[in-house]
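Structure first, then comments.
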Amino acid sequence: MASEPVAPHAADPVAPAGGRRVWLAAILALAVLGIVGLSWHRYVTLERELTETALARHAAVGSLTASTLAVKLERLLDVGVALATRVRFQQLVAAGRWSEAGQILQRVPEDFDFLDRLFLADVRGTLLADVPPVPEVRGKNFAHRDWFKGVSRSWRPYVSQLYRRSAAPRRDVIAAAVPIRGPGDGVTGILVLQVKLETFFDWARRIDLGAASRVLIVDAAWRTAFDSQSPAGAQREDGAADPLVRRLAPGALQAQVVRDAPSGRELVLGFAPAAHGWGVVTLQDGASAFAARDALLRQMLLDGAMIVLFAIAAIVLATTVVMQRRREEVNRAHRAELERAQEALARQAERLQIMHEIDRAIIAAAAPQAIAGAVIRPLRELLGVPRAIVNLFDLAAGEVEWLAAAGRRRTRSGPGVRYSIRLMGDVEALKRGEPQVIDTQSLPPGPEVVALLASGVKVYMAVPMIAGGELIGALSFGGEQESFPKEQVLIAQEVATQLAIAIAQARLLERVKRNAEELEIRVRERTSALEALNRELDDLYDNAPCGYHSVGENGLFVRMNQTELNWLGYTRDEVIGKMGPADLHTPASLEIFKRRFKVFRETGVAKDVEYEFRRKDGSVLPVVLNATAVRDRDGNFLMSRSTIFDNTDRKRAAEQLEAANKELESFSYSVSHDLRSPLRAIDGFSRIVLEDYAARLDAEGRRLLGVIRDNSRKMGELIDDLLEYSRLGRKPLASAEIDMKRLVEEVLGELPASSGSSPRLELGALPPARGDATLLKQAWTNLLANAVKFSSKREQPVIAVSGHENGAQCVYCVKDNGAGFDMRYREKLFNVFQRLHREDEFEGTGVGLAIVQRVIARHGGRVWAEGKVDAGAGFYFSLPKEGPDGKI
Amino acid sequence: MEKFENVDILLVEDNPADAELAMRALRKGKLANHVTWVKDGEEALEFVFRNGAYAGRPEQNPKLILLDLKLPKVDGIEVLRRIKADERTRVIPVVMVTSSAEGRDITETYKLGVNSYIVKPVEFEQFSETVAEAGFYWMLMNKAPE
Numbered sequence: 048m049a050s051e052p053v054a055p056h057a058a059d060p061v062a063p064a065g066g067r068r069v070w071l072a073a074i075l076a077l078a079v080l081g082i083v084g085l086s087w088h089r090y091v092t093l094e095r096e097l098t099e100t101a102l103a104r105h106a107a108v109g110s111l112t113a114s115t116l117a118v119k120l121e122r123l124l125d126v127g128v129a130l131a132t133r134v135r136f137q138q139l140v141a142a143g144r145w146s147e148a149g150q151i152l153q154r155v156p157e158d159f160d161f162l163d164r165l166f167l168a169d170v171r172g173t174l175l176a177d178v179p180p181v182p183e184v185r186g187k188n189f190a191h192r193d194w195f196k197g198v199s200r201s202w203r204p205y206v207s208q209l210y211r212r213s214a215a216p217r218r219d220v221i222a223a224a225v226p227i228r229g230p231g232d233g234v235t236g237i238l239v240l241q242v243k244l245e246t247f248f249d250w251a252r253r254i255d256l257g258a259a260s261r262v263l264i265v266d267a268a269w270r271t272a273f274d275s276q277s278p279a280g281a282q283r284e285d286g287a288a289d290p291l292v293r294r295l296a297p298g299a300l301q302a303q304v305v306r307d308a309p310s311g312r313e314l315v316l317g318f319a320p321a322a323h324g325w326g327v328v329t330l331q332d333g334a335s336a337f338a339a340r341d342a343l344l345r346q347m348l349l350d351g352a353m354i355v356l357f358a359i360a361a362i363v364l365a366t367t368v369v370m371q372r373r374r375e376e377v378n379r380a381h382r383a384e385l386e387r388a389q390e391a392l393a394r395q396a397e398r399l400q401i402m403h404e405i406d407r408a409i410i411a412a413a414a415p416q417a418i419a420g421a422v423i424r425p426l427r428e429l430l431g432v433p434r435a436i437v438n439l440f441d442l443a444a445g446e447v448e449w450l451a452a453a454g455r456r457r458t459r460s461g462p463g464v465r466y467s468i469r470l471m472g473d474v475e476a477l478k479r480g481e482p483q484v485i486d487t488q489s490l491p492p493g494p495e496v497v498a499l500l501a502s503g504v505k506v507y508m509a510v511p512m513i514a515g516g517e518l519i520g521a522l523s524f525g526g527e528q529e530s531f532p533k534e535q536v537l538i539a540q541e542v543a544t545q546l547a548i549a550i551a552q553a554r555l556l557e558r559v560k561r562n563a564e565e566l567e568i569r570v571r572e573r574t575s576a577l578e579a580l581n582r583e584l585d586d587l588y589d590n591a592p593c594g595y596h597s598v599g600e601n602g603l604f605v606r607m608n609q610t611e612l613n614w615l616g617y618t619r620d621e622v623i624g625k626m627g628p629a630d631l632h633t634p635a636s637l638e639i640f641k642r643r644f645k646v647f648r649e650t651g652v653a654k655d656v657e658y659e660f661r662r663k664d665g666s667v668l669p670v671v672l673n674a675t676a677v678r679d680r681d682g683n684f685l686m687s688r689s690t691i692f693d694n695t696d697r698k699r700a701a702e703q704l705e706a707a708n709k710e711l712e713s714f715s716y717s718v719s720h721d722l723r724s725p726l727r728a729i730d731g732f733s734r735i736v737l738e739d740y741a742a743r744l745d746a747e748g749r750r751l752l753g754v755i756r757d758n759s760r761k762m763g764e765l766i767d768d769l770l771e772y773s774r775l776g777r778k779p780l781a782s783a784e785i786d787m788k789r790l791v792e793e794v795l796g797e798l799p800a801s802s803g804s805s806p807r808l809e810l811g812a813l814p815p816a817r818g819d820a821t822l823l824k825q826a827w828t829n830l831l832a833n834a835v836k837f838s839s840k841r842e843q844p845v846i847a848v849s850g851h852e853n854g855a856q857c858v859y860c861v862k863d864n865g866a867g868f869d870m871r872y873r874e875k876l877f878n879v880f881q882r883l884h885r886e887d888e889f890e891g892t893g894v895g896l897a898i899v900q901r902v903i904a905r906h907g908g909r910v911w912a913e914g915k916v917d918a919g920a921g922f923y924f925s926l927p928k929e930g931p932d933g934k935i
Numbered sequence: 258m259e260k261f262e263n264v265d266i267l268l269v270e271d272n273p274a275d276a277e278l279a280m281r282a283l284r285k286g287k288l289a290n291h292v293t294w295v296k297d298g299e300e301a302l303e304f305v306f307r308n309g310a311y312a313g314r315p316e317q318n319p320k321l322i323l324l325d326l327k328l329p330k331v332d333g334i335e336v337l338r339r340i341k342a343d344e345r346t347r348v349i350p351v352v353m354v355t356s357s358a359e360g361r362d363i364t365e366t367y368k369l370g371v372n373s374y375i376v377k378p379v380e381f382e383q384f385s386e387t388v389a390e391a392g393f394y395w396m397l398m399n400k401a402p403e
């Protein structure tokens with residue numbers, strides 16, 4: 048909803064001339080570009096020319112220096128040649144009178160200040176005389192020196208490369224070597240003039256290349272003999288090592304622009320060859336070498352920039368003048384239109400403002416009446432009519448009710464005035480959304496008509512208010528006018544629509560409010576019922592005959608029922624959120640708990656775990672705990688829900704059982720030892736009688752002794768079986784996966800052959816089991832031995848072994864077609880020493896099945912049997928799949 | 258005391274009937290020439306270590322001891338432990354003879370270094386056979402170098 052009247056946009060006056068302007072700009076840009084391009088070309092050409100000039104100047108100075116150097120070197124050699132060609136000197140040397148020859152040279156250094164020393168050497172380079180004398184070098188051979196190598200190459204005067212004196216002061220020198228020829232023009236010796244560099248090259252210091260320049264004089268090996276930047280007498284750097292000098296191509300006159308690698312400075316580097324392989328290297332800072340060029344170019348750039356600026360300024364000025372003229376024209380053309388648009392906009396803004404007020408009123412008001420009341424006044428003003436009314440329809444009653452009305456002076460709202468719906472025109476047309484125009488005078492007379500006419504309403508319009516497809520009322524307004532302008536109708540329709548929606552919503556809101564209140568009452572009722580139920584639940588929880596508690600994620604109790612609290616002797620406040628199971632367990636129990644709780648959080652189940660809690664008074668409470676984990680939707684552990692049983696009685700019973708077992712064990716031990724000894728004596732001594740006194744006994748006496756021995760042996764067997772049986776109860780149970788089929792086959796292989804006919808075996812599939820292999824083997828042995836025994840009197844004994852899975856159990860069965868038994872005695876079958884057959888029919892102690900029963904019971908399984916006298920028997924046993932230690 | 262010379266077998270047995278049966282079995286196996294029978298553990302130890310009533314016995318170990326497990330005063334296991342703990346008597350073969358087949362006893366005696374173990378059967382034939390066999394075997398095994 049726009050709340051502000053929108054300011055009219057100023058139309059762009061130059062917009063129509065847009066195309067031409069682009070062209071103009073393009074042409075101007077081209078002109079400027081042309082000027083700039085030409086200037087630039089001139090600039091570049093000039094720069095090249097000036098650079099070449101500067102380089103040429105540089106090269107010229109270098110060349111001049113090189114010429115001077117060449118002259119100096121020639122002069123040096125001329126001095127040497129002049130000395131060496133003196134006749135007296137030649138004679139003395141030819142005669143080998145070296146010291147006398149040396150005497151002649153004695154005064155020469157005084158004439159030439161650049162001479163360091165002079166010396167004479169023979170044609171093999173051995174120094175034989177020198178001035179001034181240095182005795183330590185006299186007689187030494189210097190054939191390795193460059194001067195010797197140079198002069199001896201073709202016996203012509205030679206200027207050497209730089210070398211270091213061998214005697215002190217050990218400074219760098221050069222030498223001019225001149226051959227001394229004898230009478231027959233043969234070479235008889237060498238005159239060497241050793242030259243002081245500083246003095247010799249002193250002239251070079253006066254060479255001025257410009258600011259920041261440097262002149263190097265280098266020998267044939269590019270070693271520096273002179274450096275204008277190094278002060279006189281200082282150690283010179285080796286020119287060959289200078290990376291800049293190494294860029295030069297030796298031999299030719301040259302000048303080039305280079306960049307100094309470390310500083311990135313521009314330098315001018317030049318070289319001019321002199322003579323004897325010597326040359327002059329010139330270096331000058333680019334800034335100084337090209338100072339004149341750069342100044343000129345800068346000036347030129349400035350001039351160019353000024354020209355361009357002037358050009359642009361002129362163009363801009365011209366354009367502005369043209370544009371200004373055009374803009375004025377356009378402005379005049381559009382002003383009238385603009386004013387009209389502004390007027391319309393102002394009206395629109397006013398209308399929006401009022402609409403906004405109406406909207407605000409609709410939003411702010413809650414009841415239909417308040418909405419209508421808030422809207423009606425601004426609406427009447429907006430429509431500019433004397434009277435406006437918001438009517439609500441009661442279609443069933445055929446009546447209309449005023450919701451709010453506004454006249455010139457008064458506004459009233461609130462229900463009260465009702466009149467016939469006929470005053471609203473065609474209701475069906477209203478339903479279709481068509482506004483109705485009603486002539487007051489054409490209406491049937493009545494008080495309303497009188498009232499309308501009295502308030503100056505001759506014609507009025509009824510605009511339907513429709514919400515959700517339902518006609519709920521109409522907005523009526525009118526006055527003296529004959530017709531209603533389109534805009535007025537549109538505004539009325541817009542407001543009517545808004546009003547209809549708002550009123551419908553307000554009605555809905557009222558209904559919702561009513562419903563919410565009802566709901567609240569119902570919730571209150573339910574809540575109190577729930578609270579009652581909760582109290583009942585709490586009561587059940589608290590007073591259950593077992594303990595309940597829950598342990599939260601943090602390992603602390605989140606709740607515990609009264610029973611458990613009573614057992615432990617704590618109050619709820621002492622426990623909840625303050626203690627955890629870890630605080631309750633005895634140390635031994637805590638170990639188990641820590642292990643188990645970790646598993647429990649994973650599996651979510653704890654079953655029949657035995658713990659020991661410590662009561663507040665320190666006494667021990669043995670408990671059995673069962674728990675499940677409560678998890679959130681993502682499966683995260685929230686808390687446990689545990690049930691606790693007091694295990695005191697069970698524990699006591701277990702202890703008693705333990706004691707009874709111990710007793711039985713020692714009893715069995717005694718039986719084993721003490722009962723067997725006398726039996727052995729009875730049997731043994733009967734045998735001795737039979738062996739030693741047989742002759743004195745008649746047949747009956749011997750038979751009687753035989754009976755004694757039979758019975759003692761039998762009793763021995765009984766004792767052994769009984770011991771075995773009692774041992775079963777005490778042995779700890781191993782648990783492993785057992786292949787039952789293999790076990791049965793193994794047992795069958797070990798069974799002693801029966802005395803009767805050999806049985807046919809039918810071995811079915813046997814599911815694997817978990818348990819103690821030794822004990823289960825014993826059970827199978829006994830069952831199978833029984834089957835063999837009791838079927839041995841059949842013509843064709845058959846023994847069938849089978850098994851199947853039944854839920855969490857595996858059931859195994861041994862069937863035979865033997866003597867069977869009477870089902871009335873089936874309960875007795877598994878009792879110790881219980882026999883259903885006479886001794887003379889089938890031998891036995893009556894312990895075998897009791898052992899089976901005990902083994903299976905210890906595995907948590909069950910044994911049962913079915914049979915019929917003389918129709919065979921079937922023995923069954925079941926084992927839990929999870930094994931005897933299946934507790935979690 | 259002269260009859261304790263050259264003792265081959267020492268029979269330790271508190272039950273006179275068992276002792277007589279054992280002696281008879283050994284006799285039948287021609288092993289009874291030098292059997293000495295003592296009736297409890299204490300006497301057995303006195304005999305072996307030549308003290309108490311047997312202080313004057315010549316210094317010679319029996320070649321085999323048949324030792325009952327359940328004995329008055331000092332029981333068979335203790336006797337066995339003492340014999341096997343002593344450097345001088347450790348080499349004597351000891352065969353346990355007992356009516357009990359309790360696993361615990363068997364394990365214990367093997368730990369102590371018993372050489373063999375006989376469970377006395379009730380039947381006389383079996384008993385005498387077993388005793389005679391054990392005696393024979395260990396007498397042969399015990400052909401000492403001296």
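Line order of the protein sequences matches chains U and C.
48 is the number of the first residue of the first sequence in the numbering used here; add one for each residue after it.
258 is the number of the first residue of the second sequence in the numbering used here; add one for each residue after it.
All C-beta atoms in this analysis are idealised placements derived from N, C-alpha and C, irrespective of residue type, glycine included.
Values in this document were obtained by computation on a predicted structure and should not be read as measured data.
N-terminal and C-terminal residue of the beta strand (DSSP E) that residue i is part of
i: D664/U; result: Counting along the chain, D664/U falls outside any beta strand (DSSP E), and DSSP gives it neither H nor E.
i: R164/U; result: L162 to A168
Residue i to residue j span [Cα, whole Å]
i: Q535/U; j: I74/U; result: 56 Å
i: E929/U; j: Q856/U; result: 8 Å
i: D59/U; j: R68/U; result: Any reading at D59/U must be qualified, since the residue scores a pLDDT of 44, below 50, and its modelled position is unreliable; the value itself is stated next. If I take the Cα positions, the gap works out to 14 Å.
i: G324/U; j: A267/U; result: 4 Å
i: L566/U; j: T574/U; result: 12 Å
i: R164/U; j: L330/U; result: 32 Å
i: E259/C; j: E277/C; result: Model confidence at E259/C stands at a pLDDT of 40, short of 50, so the residue's coordinates are unreliable and nothing is read from them.
Contact set between residue i and chain C, taken where Cβ atoms lie within less than 8 Å
i: A728/U; result: N272, A274, D275 and L278
Residue i - containing alpha helix (DSSP H), residue span
i: Q825/U; result: A820 to S838
i: I729/U; result: R723 to D739
i: L500/U; result: P494 to A501
Which residues DSSP lists as bridging residue i, in chain order
i: C936/U; result: Given a span of 48 to 935 for chain U in the structure shown, any question on residue 936/U remains unanswerable.
i: N673/U; result: T690/U
Interface residues of chain U facing residue i [CB-CB closer than 9 Å]
i: K377/C; result: R723, S724 and R727
i: R281/C; result: G731 and I735
i: F304/C; result: Going along chain U, no residue has its Cβ under 9 Å from F304/C, so there is no contact; the nearest lies around 23 Å.
Partners in chain U for residue i, counting only beta-carbon separations shorter than 7 Å
i: K287/C; result: Under the 7 Å cutoff, chain U gives no residues; its nearest Cβ is about 17 Å from K287/C.
Under 8 Å by beta carbon: chain U residues contacting residue i
i: K327/C; result: H720
i: F393/C; result: Ordered by position in chain U, no residue passes the 8 Å Cβ test against F393/C, which lies about 20 Å from the chain.
Cutoff 7 Å: residue i Cβ touching any chain D Cβ
i: V504/U; result: You won't find chain D in this structure, because its protein chains are U and C.
Margin query: Does the structure place the segment 243-250 of chain U close enough to the segment 150-164 of chain U that three or more beta carbon pairs sit under 8 Å?
Written below: yes
Margin query: Between the segment 139-158 of chain U and the segment 90-108 of chain U, can you find at least three pairs of beta-carbon atoms closer than 8 Å?
Written below: no
Next item on the list: Would you check if the segment 505-523 of chain U and the segment 419-439 of chain U touch, i.e. whether three or more CB-CB distances between them fall below 8 Å?
Entry: yes
Checklist line | Contact between the segment 828-836 of chain U and the segment 849-865 of chain U (3+ Cβ pairs under 8 Å) | finding: yes
Note to self: Quick check: the segment 406-417 of chain U against the segment 482-498 of chain U, are at least 3 beta-carbon pairs closer than 8 Å?
What the structure shows: no
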